[in-house]
Structures are given as structure tokens and as C-alpha cells.
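Asks:
In this note's numbering, the protein residues as written are 33 to 278.
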């Protein structure tokens, strides 16, 4: 995978930006040539621009989830009917250790990743000037289905650390196990799901996983890692929920 950087676009109408902000736009290129256009920022202004772009590009795209009838029978996914005709959004978070309580480390969200199609946001929420209400509304929108590995953990962190509620989520290992008829996938991680669903190999180096996600400026390796995680979550979710299966 390769990564290149380019200047951010300049929309005709955009929110007033704070005087000091840090934004990087990156093209992350996967081994199969897929280009993921990624915005890395800690600015609420840039988050608003990203959400506006998603609204323009994707909100009219309604998926017919032909495979969801299979998932409805699985205990713990009774609310799956609410996900019909939803836009799939890849969700992920990265965290950092802030203190130890009783000898146990405590963690806090440092980065929030969202991905739809080839557009990804890597939001350095730990350094955010403020969290825009529009992001809260986006996460709480019942028309969006947020998919992730360990979705419950991401949702809890967002609630506890940022007071953000996510309306609809689906845990990808559970969905894969039911849709593909493979119970062993209930314990699968993202690497396994990428291989089994996308026929794609991804790397998750431990040194990047355990790196300093609260750093003011993320490294190229961190940007790529964060972007790939969110994109693969999106694409696995899209393939499982939106593509018809015989």
C-alpha cells in the first residue's frame, strides 16, 4: 500500500475555519489499486466539510439489503430490520492510555475514523477544538448503519469519552457468521474478515496498533493504518449486507 498527500479542496461555500487548524488530505492506495481519499484533521470545520460531502455524494444511495433476512434469525440481532435501506458507514476508533486505576490501564479515544465508499475521515478527536453537533447528529441518524469489529466497544468509548451516541450498529463478525453460515467467524478479527469476505490481505503491525495515537501529528503509518481499518470495515459491511447472495 502507498500513500500520497495533496492539498485540500476549496469548496465554494464552507464554514468559517479557525485561524489555526491542521488538516492533511491523503490518498491511501491499497494493493489492488483502490484509492481511499482520506481527510486527517482535528478541526470541527473540516468534519463539517466531510459530512457535507458525504451528504452530497451518498445520501441518495439506498441499499437493498438482500441478505438481511438471514441475519434476522440470529439472536442478538433482532433490530436488524431497522438497518434496511440504510447507508453503510465503516466505523473505528483508536485510543491511548491516560492513567492507571488499581493497577489497570485506562484508555480514552484519541482518533475516530469514518468511511463511506472511497471517502474516509480520520478525526483526531483528542485534539479537537470542539465536537460539532452535526457529527453527533450523523452518528445518531437511524438512516446510517455503522459497522465495525467490536462495534460495542467503539460505541461505549464514544459515549463515555465524548458523550456521542451511535444509533445503529452492526458487529461485523456476528454478521459474517450468519450471512456466510460460518459460526467460527464470530471470533474473527478484521484481518480475517478482509481475507474471507474481500479476498484481501491487510497488515496490522503491532507497533502501529500500540503507537501514540494522541500525538498532535500522526505518522504516515498511522494514517494508513487508521484509513485501512475504516475502509475495510465499510467494504466488509457493504459486501455482507448489500450484495445479493444465492
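C-beta: ideal position from N, C-alpha, C; glycine also.
To the nearest angstrom, report how far apart residue 221 and residue 80 are at their CA atoms.
Replies: If you take the alpha carbons of residue 221 and residue 80, they lie about 31 Å apart.
Asks: What does DSSP give as the partner residues of residue 127 in its beta bridges?
Replies: In DSSP, residue 127 forms a bridge with 141.
Asks: Just to check my reading of the structure: residue 145 and residue 128 have Cβ atoms closer than 8 Å, yes? What is that Cβ distance to the nearest angstrom?
Replies: Actually they are not in contact, since the Cβ atoms of residue 145 and residue 128 sit about 15 Å apart, beyond 8 Å.
Asks: Would you say the segment 262 to 273 touches the segment 186 to 199, given that touching needs at least three Cβ pairs under 8 Å?
Replies: Judged by Cβ distances under 8 Å, the segment 262 to 273 makes no contact with the segment 186 to 199, as fewer than three pairs qualify.
Asks: Between residue 267 and residue 178, what straight-line distance do the alpha-carbon atoms span, to the nearest angstrom?
Replies: Those two C-alpha atoms are separated by around 12 Å.
Asks: If the criterion is Cβ atoms closer than 7 Å, does the pair residue 208 and residue 225 meet it?
Replies: Taking 7 Å as the Cβ cut-off, residue 208 and residue 225 qualify as a contacting pair.
Asks: Quick check: the Cα distance between residue 228 and residue 205, rounded to an integer number of angstroms?
Replies: So the two alpha carbons sit approximately 11 Å from each other.
Asks: Can you list, in chain order, the residues of its chain whose CB lies under 7 Å from that of residue 82, leaving out five sequence neighbours each side?
Replies: Only 71 and 153 meet the Cβ criterion.
Asks: Is it buried or exposed for residue 172, if we count other Cβ within 10 angstroms and need 16 for buried?
Replies: Residue 172 is exposed by the Cβ-count criterion.
Asks: In the DSSP assignment, find the unbroken alpha helix (DSSP H) run with residue 257 in it and report its ends.
Replies: Here the alpha helix (DSSP H) through residue 257 covers 252 to 274.
Asks: Can you give the beta carbon distance from residue 122 to residue 147, rounded, assuming they're within the 8 Å contact cut?
Replies: Indeed, because the Cβ distance is near 4 Å, the residues count as touching under 8 Å.
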